[in-house]
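Following: one structure in structure tokens, then a few remarks.
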């Protein structure tokens, strides 16, 4: 049984949900009548939980004072010496309860700094004992994290995420309160199916730790009483109607903001009535995904604001880190992880957006199917991310990257930047679009902006350096090299030094810098300096040694193969080779 029982008036369910959520976050198990099973008698369940709870919280308000149920529950708790009283609107408890302390929760929005919440927390701790955060088991159930074995070190990352991610998503800010209204149907023969879809949808949305979802009885009351009751009890309504024709079913759903009646989303889902239970789950999942993206924290602009399980988020962040590293050999691994992410959580929009990018990255491999670059799939994945979360900047970035050039691609990237002005990846790709059109001034300004936001984002750093050298501004290029040295990125500093030396046609100095870095940091540097060094060595006449040290993979991106061919056509430059010794660490 639960540690804490919450008694309240039906009109105060929004506040009750917030109190329940805060107690759950503190580690207590909680029961309130949103969890009332449909097959049990109301009074029977209430009496059982009221008797077994160690603490009974009564939320007094003007309506609660007039409720015989609330008075009766408070009386049972008072006689059992486990009553904790709170006033939601300044209303004092009626006789005889006004003889006991009653803390004020007026103005409370879910945080822990409110004085009234502190008094409630102390009273519950005194009656129940100190809770252990994360150990509570209560309904409504929040998304759970998987059990993680300790046999392999790789699972430590998942364990870290499983512990921290749920706490991260439990914001101190007030969570949106959502009422999933009973789904409507005009045909009585579909009543059972429609009820199943409604219940599955309510439960799916209720697993989101960023939302408070009202119980079914309250949702039914809201549906009966109309918009006045809705605005008082919930921030958002999920509504749906169901129609069937033969073996076809259409579910039309929408999301409405109660304070002004604005429809934020609407969509119809057409399905065949082959497997009823699979159909219920599928439609519920689809609706949940579109709701999640539109009600995510911060407007759903950034990936870290989206709810998912700890396991999925750990896979996602690890894959994203692999993509951002300077090692193309990890692209295939990251792509596989992201495919697993969207398989485990098909409604996690950031997973689709990053998978779209991963499908467009070349990665050398001994297997043709691991090379990557599936533009059609990339565009499909990006559009899926945007459909789930229209304000996710990464989704628009991925679509712009997939479209490559043209007005639509540019519009997508500009939309991403408008949503998140600090999205350095979209700024970098927009700059590359300008660079391809030889609008170098605009491109340089955008690359500089990306570098200012993320000083070590290597694509922007190197693209900017390339433009500086092409414009003949060696002074600015050298200044950039010194900046990289100052911040301690020896790999990027060496690359900059190589590019500056090559621009001056000093191939020997370029080779010396690259070889010295390879000896010091072979694993970290090969992916970024290996290819330019390959070309430098060819020009210096070390063709056999270069090919031995940097063997091209059996399968690789077409542009890479063409560039390798270009290098092989270069004649030895006759540069001075005495300034360095050729000792290349082989793979």
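Residue numbers (our numbering): 212 to 798.
Each residue gets a CB set at the ideal place from its N, CA and C atoms; glycine is no exception.
How should residue i be labelled, buried or exposed, when 16 other C-beta atoms within 10 angstroms of its C-beta is the threshold for buried?
{"i": "residue 365", "result": "Bear in mind that a pLDDT of 43 at residue 365, under 50, signals an unreliable position, so the model cannot answer this."}
{"i": "residue 397", "result": "exposed"}
{"i": "residue 333", "result": "exposed"}
{"i": "residue 324", "result": "exposed"}
{"i": "residue 683", "result": "exposed"}
{"i": "residue 405", "result": "buried"}
{"i": "residue 716", "result": "exposed"}
{"i": "residue 312", "result": "exposed"}
{"i": "residue 750", "result": "buried"}
{"i": "residue 616", "result": "exposed"}
{"i": "residue 446", "result": "buried"}
{"i": "residue 730", "result": "exposed"}
{"i": "residue 736", "result": "buried"}
{"i": "residue 561", "result": "buried"}
{"i": "residue 259", "result": "exposed"}
{"i": "residue 698", "result": "exposed"}
{"i": "residue 667", "result": "exposed"}
{"i": "residue 587", "result": "exposed"}
{"i": "residue 307", "result": "exposed"}
Compare the Cα-Cα distances from residue i to each of the options and report the closest residue.
{"i": "residue 800", "options": "631, 516, 291 and 606", "result": "A query on residue 800 cannot be resolved here, the shown segment of the chain reaching from 212 to 798 and no further."}
{"i": "residue 310", "options": "261, 316 and 296", "result": "296"}
{"i": "residue 484", "options": "537, 700, 459 and 502", "result": "459"}
{"i": "residue 487", "options": "629, 647 and 403", "result": "403"}
{"i": "residue 305", "options": "611, 281, 671 and 540", "result": "281"}
{"i": "residue 535", "options": "509, 508, 569 and 554", "result": "569"}
{"i": "residue 235", "options": "335, 652, 319 and 220", "result": "335"}
{"i": "residue 427", "options": "719, 224 and 739", "result": "224"}
{"i": "residue 455", "options": "390, 395 and 509", "result": "395"}
{"i": "residue 641", "options": "626, 621, 633 and 652", "result": "621"}
{"i": "residue 413", "options": "419, 520 and 391", "result": "391"}
{"i": "residue 215", "options": "469, 268, 470 and 257", "result": "268"}
{"i": "residue 468", "options": "625, 551, 565 and 441", "result": "441"}
{"i": "residue 592", "options": "393, 453 and 550", "result": "550"}
{"i": "residue 387", "options": "509, 285 and 599", "result": "509"}
{"i": "residue 272", "options": "298, 432, 628 and 317", "result": "298"}
{"i": "residue 477", "options": "501, 619 and 669", "result": "501"}
When you compare only the Cα positions, how much space is there between residue i and residue j?
{"i": "residue 514", "j": "residue 506", "result": "13 Å"}
{"i": "residue 516", "j": "residue 213", "result": "30 Å"}
{"i": "residue 472", "j": "residue 240", "result": "35 Å"}
{"i": "residue 230", "j": "residue 635", "result": "40 Å"}
{"i": "residue 623", "j": "residue 217", "result": "48 Å"}
{"i": "residue 571", "j": "residue 722", "result": "31 Å"}
{"i": "residue 417", "j": "residue 434", "result": "18 Å"}
{"i": "residue 755", "j": "residue 746", "result": "12 Å"}
{"i": "residue 226", "j": "residue 233", "result": "11 Å"}
{"i": "residue 637", "j": "residue 557", "result": "24 Å"}
{"i": "residue 694", "j": "residue 647", "result": "27 Å"}
{"i": "residue 610", "j": "residue 604", "result": "10 Å"}
{"i": "residue 703", "j": "residue 692", "result": "8 Å"}
{"i": "residue 482", "j": "residue 461", "result": "6 Å"}
{"i": "residue 302", "j": "residue 415", "result": "36 Å"}
{"i": "residue 219", "j": "residue 238", "result": "21 Å"}
{"i": "residue 457", "j": "residue 401", "result": "12 Å"}
{"i": "residue 644", "j": "residue 654", "result": "8 Å"}
{"i": "residue 228", "j": "residue 665", "result": "41 Å"}
{"i": "residue 688", "j": "residue 726", "result": "21 Å"}
{"i": "residue 420", "j": "residue 652", "result": "46 Å"}
{"i": "residue 497", "j": "residue 430", "result": "20 Å"}
{"i": "residue 658", "j": "residue 671", "result": "5 Å"}
{"i": "residue 466", "j": "residue 474", "result": "6 Å"}
{"i": "residue 753", "j": "residue 537", "result": "25 Å"}
Between residue i and residue j, which are expected to be in contact by the criterion C-beta below 8 Å, what is the C-beta distance as a whole number of angstroms?
{"i": "residue 491", "j": "residue 407", "result": "5 Å"}
{"i": "residue 812", "j": "residue 274", "result": "Here the chain comprises residues numbered 212 to 798, so residue 812 is not present and cannot be evaluated."}
{"i": "residue 533", "j": "residue 541", "result": "4 Å"}
{"i": "residue 712", "j": "residue 720", "result": "4 Å"}
{"i": "residue 329", "j": "residue 319", "result": "With a Cβ gap of about 11 Å, residue 329 and residue 319 do not count as contacting."}
{"i": "residue 596", "j": "residue 563", "result": "4 Å"}
{"i": "residue 512", "j": "residue 631", "result": "5 Å"}
{"i": "residue 242", "j": "residue 264", "result": "7 Å"}
{"i": "residue 680", "j": "residue 710", "result": "6 Å"}
{"i": "residue 724", "j": "residue 705", "result": "5 Å"}
Please decide whether residue i counts as near chain B, where near means a Cβ-Cβ distance under 7 Å.
{"i": "residue 448", "result": "Included in the structure is just one protein chain, with no chain B present."}
Compute every distance between the C-beta of residue i and the non-hydrogen atoms of the ligand SAH, then say whether any falls below 6 Å.
{"i": "residue 700", "result": "Inclusion of the ligand SAH in the displayed structure is not the case, the ligand content being empty and no account of it being possible."}
Exercise. Can you list the beta strand (DSSP E) stretches of 3 or more residues lying completely in the segment 463 to 496, in chain order?
Worked result: 474 to 483
Exercise. Hey, which unbroken runs of the alpha helix (DSSP H) at 4 residues or more fall wholly within the segment 652 to 702?
Worked result: 669 to 681 and 685 to 698
Problem set entry | Contained beta strand (DSSP E) runs [length at least 3] in the segment 284 to 330, N- to C-terminal order | 294 to 298 and 313 to 315
Problem set entry | Completely contained alpha helix (DSSP H) runs for the segment 520 to 563, where each covers 4 or more residues | 521 to 535 and 542 to 555
Exercise. Which ranges does the alpha helix (DSSP H) cover as unbroken runs of at least 4 residues, wholly within the segment 564 to 651, from first to last along the chain?
Worked result: Listed in chain order, the complete alpha helix (DSSP H) runs (minimum 4 residues) inside the segment 564 to 651 are 586 to 599, 604 to 614, 618 to 630 and 635 to 647.
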